[in-house]
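Read through the structure below, which is laid out as structure tokens, and then see the notes.
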Amino acid sequence: MTRRGLVIGAGGVLGFAWAAGALKALERAEGFDCRDVDALVGTSAGSILASLLSCGAPVDSIVRHQQGIPAPEDPVVDYDEEVDGAGPAPPWPAFALGSPGLLWRAARHPASMSPMVALSGLVPRGRAAHTGVRRLIGSVLPCEDWPDRPRPWVVAMDYASGERVVFGREGAPEAPLADAVSASCAVPGWFAPIRIGGRPYVDGGTYSTASADLLAGCDLDEVYVLTPMASFAYDAPTSFAGKLERRVRRSLTAQLLREAEVLRASGTRVTLLGPGPEDLTAIGPNLMDARRRASVLETSLRTSWAALRPEPTTRRLRSVPFDIAG
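The letter at position 183 of the sequence shown is residue 183 when you use UniProt numbering, and the numbering goes up by one with no holes.
Structural data, given as structure tokens:
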């Protein structure tokens with residue numbers, strides 16, 4: 001019996017919408033229920049999706065909620081980006097560095113962390129609260145116990161040390177799922193860090209957009225990696241914001257490819273899927289702009305299916321030793 005893993009990366013409000021469409025396309029193309037995978041990793045927006053799947057929410061219900069047409073039998077997903085601090089722009093941050101301790105560590109050991117991790121300590125401390133995420137997780141998991149179908153691994157970053165922390169994995173700090181997911185989604189400069197066990201935690205996407213390498217050595221036959229913030233084909237934006245976003249995206253994609261190689265080297269077949277040119281045009285330069293959500297979702301439902309469908313149109317690049325759907 002095939003042992004499968006699923007990794008869902010960071011991506012904000014629109015990354016969530018794109019990934020929801022990609023999950024639907026994945027189920028349609030591969031013929032399995034995403035709730036039945038053997039290992040599940042989520043980062044930031046991907047941690048919300050991973051938790052919903054692990055709590056038993058069907059992909060179809062997640063898609064319907066994104067479309068604004070939930071069925072009576074669907075789990076109640078109560079979340080309003082504008083009310084809950086995830087609107088198109090952050091609230092004014094506090095007049096204080098995000099993490100002086102992280103900056104001090106970066107100055108003393110510059111080779112120990114990536115530039116993105118180090119720079120995250122420089123941004124002002126965010127002030128928005130993740131009340132909406134807590135309410136959403138509470139709507140599908142009304143107790144503090146973690147689900148186990150499978151138990152999700154929720155990736156966050158220790159804001160004092162810059163180290164990656166995987167809540168839900170053996171040996172990780174104990175925390176309610178809602179706290180772990182809130183930490184994984186706490187974008188530096190936007191949301192206040194989440195304190196768990198006396199330590200401050202922020203968005204796991206600061207460390208890695210997907211952390212696909214976590215599943216190396218987990219005895220999996222295949223792993224599907226859905227990454228809203230990594231792409232393998234690009235559009236040609238003309239705005240400064242669009243060009244800057246694509247530059248950051250290329251850097252994140254390079255990191256993902258290194259992680260995928262670690263995973264492949266462990267004997268696991270890896271399939272990567274990220275937004276293509278049409279998706280990037282629909283997303284635009286601001287991943288938190290909920291006004292584009294419906295368009296992003298509908299685009300992803302179509303483009304992700306075109307990339308994943310079991311026909312010769314799926315492009316397998318010989319330049320890398322794993323499959324890139326596109």
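The beta carbon of each residue, even a glycine, is placed where N, CA and C say it ideally should be. Just so you know, these numbers come straight off a predicted model, no measurement behind them.
Nearest-angstrom Cα separation, counted from residue j out to residue i
i, j, result
"Ser-319", "Ala-210", "Confidence at Ser-319 is low in this model, with a pLDDT of 34, below 50, so the placement of that residue should be treated as unreliable; the coordinate-derived value is given next. The straight-line gap from Cα to Cα measures roughly 21 Å."
"Ser-182", "Val-133", "6 Å"
"Val-83", "Ala-290", "Note on Val-83: pLDDT 46, under 50, position unreliable in the model; the coordinate value appears next. Cα-Cα distance, rounded: 12 Å."
"Thr-303", "Val-7", "19 Å"
"Leu-102", "Glu-30", "43 Å"
"Gly-274", "Leu-226", "6 Å"
"Thr-264", "Ala-96", "A small correction: the amino acid at residue 264 is Arg; Thr does not occupy that position in the sequence shown. The alpha-carbon atoms of Arg-264 and Ala-96 are separated by roughly 42 Å."
"Ile-324", "Trp-18", "17 Å"
"Leu-215", "Leu-23", "19 Å"
"Arg-3", "Phe-32", "12 Å"
"Leu-244", "Asp-179", "32 Å"
"Tyr-224", "Arg-309", "14 Å"
"Ala-118", "Pro-142", "36 Å"
"Ala-107", "Thr-253", "26 Å"
Cβ-Cβ separation, residue j to residue i (assumed contact under 8 Å), whole Å
i, j, result
"Glu-170", "Ala-212", "19 Å between Cβ atoms; not a contact."
"Ser-99", "Ala-160", "6 Å"
"Ala-25", "Leu-301", "6 Å"
CB contact flag (residue i, residue j, <8 Å)
i, j, result
"Val-155", "Val-41", "yes"
"residue 352", "Val-270", "The question about residue 352 has no answer here: the residues shown for the chain are numbered 1 through 326."
"Ala-230", "Arg-249", "yes"
"Ala-10", "Pro-228", "yes"
"Ala-192", "Gly-126", "yes"
"Leu-14", "Arg-292", "yes"
"Val-166", "Ala-175", "no"
Candidates the options: closest to residue i by CA position
i, options, result
"Leu-53", "Trp-146, Gly-68, Gly-98 and Gly-15", "Trp-146"
"Glu-222", "Phe-16, Trp-18 and Ala-39", "Ala-39"
"Leu-272", "Ala-233, Phe-240 and Glu-278", "Ala-233"
"Cys-185", "Ala-129, Ala-25 and Met-116", "Ala-129"
"residue 368", "Val-117, Trp-92, Trp-104 and Arg-108", "With the chain covering only 1 through 326, there is no way to say anything about residue 368."
"Ala-241", "Ile-48, Asn-286, Thr-43 and Pro-72", "Asn-286"
"Thr-268", "Val-202, Gly-217, Thr-299 and Ser-251", "Gly-217"
"Glu-278", "Leu-257, Arg-195 and Ala-306", "Ala-306"
"Asp-219", "Val-37, Arg-28 and Gly-12", "Val-37"
"Ser-251", "His-65, Ala-57, Pro-115 and Glu-27", "Pro-115"
Extent of the continuous beta strand (DSSP E) to which residue i belongs
i, result
"Leu-226", "222-226"
"Arg-195", "194-196"
Run of the alpha helix (DSSP H) containing residue i, from where it starts to where it stops
i, result
"Pro-100", "100-108"
"Asp-158", "Segment 153-158 is the beta strand (DSSP E) holding Asp-158; no alpha helix (DSSP H) there."
"Arg-269", "Element bounds for Arg-269: not the alpha helix (DSSP H) but the beta strand (DSSP E), 269-273."
"Pro-277", "277-283"
"Asp-145", "Run containing Asp-145: none; DSSP gives neither H nor E here."
C-beta neighbour in chain B for residue i, strict 8 Å
i, result
"Ala-294", "Within the model displayed, chain B is absent; a lone protein chain is all it includes."
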